[in-house]
Amino acid sequence: MIKLKYTKLIAAFTLSFLFAFSSKSQHCIFDVYSIIVVKVHSATDTNNIPNLKITLINNNLKTNDTLFFFQNPNKLKFEHIANHKQYNFPFAKDNYCLVCKNNVTTENYSLKIEDIDGVNNGGEFKTAIIHIYEIDKYPLCGRYDKTTYQDLNHSNLGRVYKPLEVILYRTKQQNE
Numbered sequence: 017m018i019k020l021k022y023t024k025l026i027a028a029f030t031l032s033f034l035f036a037f038s039s040k041s042q043h044c045i046f047d048v049y050s051i052i053v054v055k056v057h058s059a060t061d062t063n064n065i066p067n068l069k070i071t072l073i074n075n076n077l078k079t080n081d082t083l084f085f086f087q088n089p090n091k092l093k094f095e096h097i098a099n100h101k102q103y104n105f106p107f108a109k110d111n112y113c114l115v116c117k118n119n120v121t122t123e124n125y126s127l128k129i130e131d132i133d134g135v136n137n138g139g140e141f142k143t144a145i146i147h148i149y150e151i152d153k154y155p156l157c158g159r160y161d162k163t164t165y166q167d168l169n170h171s172n173l174g175r176v177y178k179p180l181e182v183i184l185y186r187t188k189q190q191n192e
């Protein structure tokens, strides 16, 4: 009789532990990730400028070589979070993206945007440094595969998704 009570107690404890553990587990591949989306164009054309190098730098202007933006590809799937550069975020269109952990604080960082291919992308553009803020990050969990970004849990207080828009100017003025 006592052995049966202990068995039931151990089973109840085990089930309680498993339930508590599973309720805190990751439920989405982007559960702890956010995205920063940047639309970069010239003053005379609203199409994205291709082949730019966009790097996250701290406010001391030191480059963080591990955090580069990528231009959102046309591919539809990826196999692992480490391959996020192969994933298409439909709401981000052809803009530049950086996937980062939710706990990355952007207040101390800026974007360094460089034209690395010269005239091949439509002009030689000046390098720009743009400060970013927490409001420029958008949580990805439950939204990463949607064509329209929606605030699912109203954590952003009704904030509407909009990529950070940056205008680059050519080094040689061409009616800009």
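Quick note on numbering: the sequence shown equals residues 17 to 192 in this note's numbering.
Yeah, the Cβ is synthetic: ideal placement off N, Cα and C, and Gly gets one too.
Looking only at its own chain, which residues have a Cβ that is under 6 angstroms from the Cβ of residue i, when we skip the five neighbours before and after it?
i       : result
Asp-152 : Ile-52, Leu-180
Leu-114 : Ile-52, Phe-85
Lys-142 : Tyr-185, Thr-187
CA-CA distance, residue i and residue j?
i       : j       : result
Asp-131 : Thr-71  : 12 angstroms
Leu-156 : Asp-47  : 7 angstroms
Asn-119 : Glu-150 : 10 angstroms
Thr-60  : Leu-184 : 10 angstroms
Lys-188 : Glu-140 : 7 angstroms
Tyr-154 : Pro-106 : 14 angstroms
Val-182 : Arg-159 : 24 angstroms
Thr-122 : Lys-69  : 19 angstroms
Which partner residues does residue i have in the DSSP bridge list?
i       : result
Thr-1   : Residue 1 falls outside the range modelled here, since the chain spans only 17 to 192, and no answer is possible.
Ala-144 : Ile-129
Ile-51  : Val-115, Tyr-154
Glu-181 : Lys-55
Arg-186 : Phe-141
Phe-84  : Thr-71
What residues in its chain sit with their C-beta under 7 angstroms from that of residue i, if we drop five residues either side in the sequence?
i       : result
Ser-39  : For Ser-39, the predicted model reports a pLDDT of 45, less than 50, meaning its position is unreliable; a value from the coordinates is still stated below. Closer than 7 angstroms at the Cβ level, and outside the excluded window around Ser-39, lies no residue.
Asn-262 : In the structure displayed, the chain extends from 17 to 192; residue 262 sits before or after that span and is not available.
Leu-31  : Reliability of the predicted coordinates at Leu-31 is poor, the pLDDT of 47 falling under 50, and no value is obtained from them.
Lys-109 : Asn-88
Thr-164 : Phe-107
Asn-63  : His-57
Lys-178 : none
In its own chain, which residues sit with a C-beta less than 8 angstroms from the C-beta of residue i, not counting the 5 before and 5 after it?
i      : result
Phe-37 : Residue placement at Phe-37 is flagged as unreliable, the pLDDT there being 44, under the threshold of 50; a coordinate-derived value is accordingly withheld.
Quick one, are the C-beta atoms of residue i and residue j less than 7 angstroms apart?
i       : j       : result
Asn-137 : Ile-65  : yes
Ser-58  : Cys-116 : no
Lys-128 : Ile-145 : yes
Tyr-112 : Val-54  : yes
What is the residue span of the beta strand (DSSP E) that residue i lies within?
i       : result
Pro-155 : 153-155
Asn-111 : Note, Asn-111: premise wrong, no beta strand (DSSP E); not H, not E.
Ile-73  : 68-74
Indicate, with yes or no, if the ligand SAM has a heavy atom lying under 6 angstroms from the CB of residue i.
i       : result
Val-135 : As presented, the structure is devoid of all ligands, the ligand SAM included, so that no description of it is given.
Does any residue of chain C bring its CB to less than 7 angstroms from the CB of residue i?
i      : result
Val-53 : Of the chains in the structure shown, none is chain C; there is only one protein chain.
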